[in-house]
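Under the working numbering, think of the first position of the sequence shown as 4, with each following residue one higher.
Yeah, the Cβ is synthetic: ideal placement off N, Cα and C, and Gly gets one too.
Keep in mind that this is a model prediction, so the values were computed, not measured.
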Amino acid sequence: MSDWTPVCRAEELPPGSFRVVDVDEETEVAVFNVEGKYYAIEDLCTHEEEKLTDGPLEGCEIVCPRHGARFDVRTGQALTPPAFEPTATFPVKVEDGIIWTRDDRWD
Numbered sequence: 004m005s006d007w008t009p010v011c012r013a014e015e016l017p018p019g020s021f022r023v024v025d026v027d028e029e030t031e032v033a034v035f036n037v038e039g040k041y042y043a044i045e046d047l048c049t050h051e052e053e054k055l056t057d058g059p060l061e062g063c064e065i066v067c068p069r070h071g072a073r074f075d076v077r078t079g080q081a082l083t084p085p086a087f088e089p090t091a092t093f094p095v096k097v098e099d100g101i102i103w104t105r106d107d108r109w110d
């Protein structure tokens, strides 16, 4: 089981923003604040392994900078070609004002 990784203090992640953390020396996770709710996805386009957070965040969608594929940051779903596979999603919690995430895929 992977450990929880601190992201930042909740007040440091206002609505419409995100932070990227390395959760296990291999996986970068992007944590988003969408209208006051926190969501975490792997920071990786499933089309050509581009870093998603190099593209713009538009509401609840992140746009891959390479070919324009869109992903819903709430669900990880690929919304437009050329990506068809979802990106991984991760749990998020807030404890004592700190946002945490972890890679739970191998639990």
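The C-beta of Asp46 has 16 or more other C-beta atoms within 10 Å across all chains shown, which makes the residue buried.
Sequence-distant Cβ neighbours of Thr30 in its own chain, meaning closer than 7 Å and more than five residues away, are Glu45 and Asp106. With distances taken between CA atoms, Glu52 lies nearest to Cys67 out of Lys40, Glu38, Pro94 and Cys67. Between the alpha carbons of Asp57 and Val23 lies a distance of about 11 Å.
Here the alpha carbons of Phe87 and Tyr41 stand approximately 24 Å from one another. Contact between Leu82 and Glu64 holds: their C-beta atoms lie close to 7 Å from each other, under 8 Å.
Collapsing the DSSP output to three states places Thr92 in a strand. Less than 8 Å separates the beta-carbon of Pro18 from that of Glu38.
Within the same chain, Cβ atoms closer than 6 Å to the Cβ of Ala13 are found at Val97, Gly100 and Ile102, the five residues on either side in sequence being excluded. With respect to Thr104, Thr8 sits close: the two C-beta atoms are nearer than 8 Å.
As for any beta strand (DSSP E) of minimum length 3 sitting wholly inside the segment 23-56, the runs are 31-37 and 40-45, ordered along the chain.
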